[in-house]
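To keep things clear, I will list the structure first and then write my remarks on it.
Residue numbers (the working numbering): 1 to 201.
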């Protein structure tokens, strides 16, 4: 929901930093993997109960996630880079509720609900992208991407905001997780309606 609106604000500094990283010899794929590693470190900090550290690591990991695309634009974009980016994103996404659920079995049901919601959201996102590629559909609403990014109320910005709220208010994990799971389901419904309207028979 917010990703496309934030693009004009965040792209200029990201692109400048991406060019600097490219000049320093970093590849986009290395930045992607670093972002995932830092994000997983944040999930590990959540599991251990170090929520302040987790907040910083999650934020740093997502900045790196934004920088990989900027590095790719400064060098060259590859199909594998797009694949790696989305895989690393979802590895990180499911690691956060998993960390809470493993740390406290009482939180496990809500964690599994959120992981399930992420799963169906990811499936709808990728199914839309594949079908859009087959139909020749294109969009630049989310910046230059390797494949079609369909919109919804639960996107990257909202997901990171939810994770940061979990770090700030860990005692509210269940409520935050369930509310966001509902948002993910609404996104799947939105995306399905958009697919029906967009794709030709």
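Heads up, the beta-carbon is just placed ideally off N, CA and C, and yes, glycines get one too. Keep in mind it's a predicted model, so treat the numbers as computed, not measured.
Per DSSP, reduced to three states, the secondary structure at residue 50 is coil, with no helix or strand assignment. At least 8 angstroms separates the beta-carbon of residue 113 from that of residue 24. Remark: C-beta atoms of residue 36 and residue 92 approach each other more closely than 8 angstroms. Between residue 57 and residue 45, the C-beta gap is smaller than 8 angstroms, which places the two residues in contact. Excluding its 5 nearest sequence neighbours in each direction, residue 43 has C-beta neighbours in its own chain below 6 angstroms: 95, 96, 99, listed in chain order.
Distances from the alpha-carbon of residue 133 to those of 122, 199, 155, 171 put 199 closest. Annotation: residue 86 to residue 106 spans about 30 angstroms, alpha carbon to alpha carbon.
Between residue 22 and the set 82, 77, 104, 90, the nearest pair of CA atoms involves 77. Just so you know, the alpha carbons of residue 48 and residue 104 end up roughly 10 angstroms apart.
Taking a 10 Å sphere around the C-beta of residue 52, we find fewer than 16 other C-beta atoms and assign the residue as exposed. Boundaries of the alpha helix (DSSP H) harbouring residue 191: 173 to 198, taken from the DSSP string. If you draw a straight line from the Cα of residue 171 to the Cα of residue 161, it is about 16 angstroms long. Distance from the CA of residue 119 to the CA of residue 175, rounded to the nearest whole angstrom, comes to 19 angstroms. Of all alpha-carbon atoms in 155, 131, 65, 108, the one lying nearest the alpha-carbon of residue 88 is that of 65. Taking residue 84 as the centre and dropping the five residues before and after it, the same chain places the C-beta of 29, 32, 33 closer than 8 angstroms to its C-beta, in chain order. Within the stretch 91 to 167, the complete alpha helix (DSSP H) segments at least 4 residues long are 108 to 135, listed from N- to C-terminus. Taking all protein chains shown into account, residue 192 has fewer than 16 neighbouring C-beta atoms within 10 Å of its C-beta and is therefore exposed.
Excluding residues up to 5 positions away in sequence, 28, 29, 32, 68, 72, 146 lie with their Cβ nearer than 8 angstroms to the Cβ of residue 81 in the same chain. Ranking 61, 188, 20 by CA distance to the CA of residue 126 puts 188 first. The C-beta distance from residue 152 to residue 190 rounds to 5 angstroms, short enough to meet the 8 angstroms contact threshold. Relative to residue 131, the option among 55, 61, 194 whose CA is nearest is 194.
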